[in-house]
Every structure is written in structure tokens, then in C-alpha cells.
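Worksheet: the structure to be examined is printed underneath.
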Amino acid sequence: MPEHTFTLSNGLKLGYSEYGDPRGEVMFYFHGWPSSHVQGSLFDEPAKKNRIRLICPDRPGIGLSDFQTGRTLLDWPDTLTQLAAHVGADNYHVLGWSGGGPYVLITALKLPKRLLSASIICGAPPLKFLGDRDMFWLYRLMIQLRRCFPTILGTVLSLGGMAAKGSPNKAPLRWLMKLLGVEDRRVLLLPGIYDVVRDATLGALNRGPRSVIADADIYLSEWGFEVSQINFPIHFWHGKQDRNIAWTYTDRIASLIPEATTEWSDIDGHYSMPITHAERILTTALRKETSVSLPGQ
0 MPEHTFTLSN GLKLGYSEYG DPRGEVMFYF HGWPSSHVQG SLFDEPAKKN RIRLICPDRP
60 GIGLSDFQTG RTLLDWPDTL TQLAAHVGAD NYHVLGWSGG GPYVLITALK LPKRLLSASI
120 ICGAPPLKFL GDRDMFWLYR LMIQLRRCFP TILGTVLSLG GMAAKGSPNK APLRWLMKLL
180 GVEDRRVLLL PGIYDVVRDA TLGALNRGPR SVIADADIYL SEWGFEVSQI NFPIHFWHGK
240 QDRNIAWTYT DRIASLIPEA TTEWSDIDGH YSMPITHAER ILTTALRKET SVSLPGQ
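Residue numbers for the sequence shown follow numbering that gives the first Met the number 0, beginning at 0 and rising by one.
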């Protein structure tokens, strides 16, 4: 896995990794939460097949990237612009999974002339606006800990990192796996898949829980813009068996964006949606496939 860092104009280092075809069309991949650039490796093979140069940055404070005090979602377009200049990309695609979704939205709002496509898989919603009632109970618990007992949340995340090193076939991870849908459990138990998810999570925690909590605070804050202001086409993908982030969030957000399109799967969840349909998601972004038929459609 080729890992790189470069220095931003504010003096901080930003880290990223590259997958796919180094001579292909540039696509920036925005990882989930808690995760890191390692997550992008799940798209390596379909990116190679479709000649995509997949560049996966760590957000400030995560993985290879330095912590940025007071960071907000509105800071991202400038950070991405500097990264794009560094890798020599004038125009590019953007793809975000889960917690990476809001970063696609702010990019589409602020940098539409640079974009070739914008896609979001099972994206995180503006919780300040839509609330957390339909989020996974573990996420809701962490939100309450952040609000009421922020120091305890750091301990919970550290313990979670230790638990992640175990086997998904053994307790305590086996208990959490039972909370997921059938397709999510199946996909996470495929050879190598859980290893990537685990390593990406540990990559997020390698600088300590402070950075992961600061990353989460952005989802809980006011984003600083209305999604209805976005005039660039956003392609949403969501599985209706997603127990982490309910598909109804995406339905609400997409209804507010004039040029949004949606692809639903009746059988897929938070993990199976991007992993099972990775190639279709990428080819649709490249406009090689205009009609997508997913299970249940």
C-alpha cells in the first residue's frame, strides 16, 4: 500500500494512500468513521479494472494526518484543493462511504467545477438537523457520552480498538456481529474483509481517541450550509438493511438536493452495499453504466 504525506499551507501534514491504476482517472475516496485511508483498499481491484487512480486521504488528526485544532466541515474544500494540486488532478471524481458522505456534499457545494462525479454510499446525515433516533444504538450511546461524559467516550473508543483486534467469530465481536443484518455478516466474514475494516479502524485510533472524537464532533455540529444549496448531481447508494445508518436518512437528504439520484437495495446493509456493489458504484460514477439493477428493485 503506497502511503504518502505532504505539507499543507497551514504547516500541517496530510496523509493519503493510493490504490487502483496510477494512470487512471482520479477519484478521491473519503473514509468513514471511525476509519482511515486503509479503508480505500476495499476498492483497489475494481479501481484497477476500471482504470481509476483512487486517492484516499486521512482527514486531519486521523492516521497519517496531523491534528487540526478547531476543524470544521467547511475547511475540507481547501484541504482537498491542495491535495488535488499536489497529485496533479485538475478534475476528479469524489466518493464517500458513511462518515465520508458529508465531505462529498461540501465538496459538491464548494468545488462543483472541479468535479466529474459525486457519489455517497450509506452516508452520515446532518444529525443536528435530522436527529439520531434512526442511528445504530451504539452510535447513539457514543453521542450521549460525548454530550454528557466526554472523558468516558475516550475510554470507550480505546476499549473498542482493543476489541477490534480480536476475531469476529469470537466474543465480544461475535456479539456485535449478531446485531448486523445477514448480508453485512456474510461480507465481513469473507477472507480479508474484516482485516481491512479492523486495520482502518485501528489506523484512526493510532493517534489516540482525541482525534477520533474531534472527527465525530463535525457530524454533531452545524455543518454551515444547507444541502438544498447543492446544484451538482449527487448519486446516493444505500441498503435498506443498514442498521448503522438508516436508509431513511439518505431518502430525506436526497429529497432536498435538486439533482440527486438514489439506488436502493432491499437486502444490503452498511458493509455489504459498498463491498458487494463496488464495481457498479465505480462504473456508474464513470458513466459507463447508466442503469443499475440492485436486489429488490
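Glycine residues also receive a C-beta, built at the ideal position from the N, C-alpha and C atoms.
When DSSP labels each residue in this structure, what does residue i get in the three-state scheme?
i    : result
C147 : helix
Y193 : helix
V291 : The predicted model places V291 with a pLDDT of 48, which falls under 50 and marks its position as unreliable; any figure quoted below should be read in that light. Here V291 sits in coil by DSSP.
Y28  : strand
L11  : coil
H237 : strand
T4   : strand
M161 : helix
Q296 : Low confidence applies to Q296: its pLDDT is 49, below 50, so where it sits in the model is not reliable enough to give any reading.
C121 : coil
S220 : coil
T282 : helix
Y138 : helix
Y270 : coil
I244 : strand
Would you say residue i and residue j are within 8 Å of each other, going by their C-beta atoms?
i    : j    : result
D20  : I51  : yes
F80  : L110 : The sequence given here has Thr at residue 80, not Phe. In this structure, L110 lies closer than 8 Å to T80 by Cβ.
A253 : T261 : yes
I244 : S118 : no
E182 : G100 : no
G14  : L63  : yes
Y218 : A107 : no
L94  : P59  : no
T249 : H237 : yes
P45  : A277 : yes
F231 : E258 : yes
Would you mind working out which of the options sits nearest residue i, comparing C-alpha positions?
i    : options               : result
A163 : Y18, S34, E24         : S34
T283 : M26, W32, P1          : M26
R22  : F135, A277, L152, G87 : G87
Q228 : A203, L11, K127, L104 : L104
R286 : N49, H3, I212, T6     : N49
E17  : G31, S40, S8          : S40
L156 : I274, A46, R70, G202  : G202
Taking the beta strand (DSSP E) that residue i belongs to, which residues open and close that run?
i    : result
V93  : 91 to 96
W75  : No beta strand (DSSP E) holds W75; the alpha helix (DSSP H) holding it covers 75 to 86.
P56  : 51 to 56
A259 : 259 to 264
So the alpha helix (DSSP H) residue i belongs to, where does it begin and stop?
i   : result
T71 : T71 -> no alpha helix (DSSP H), and no H or E assigned at all.
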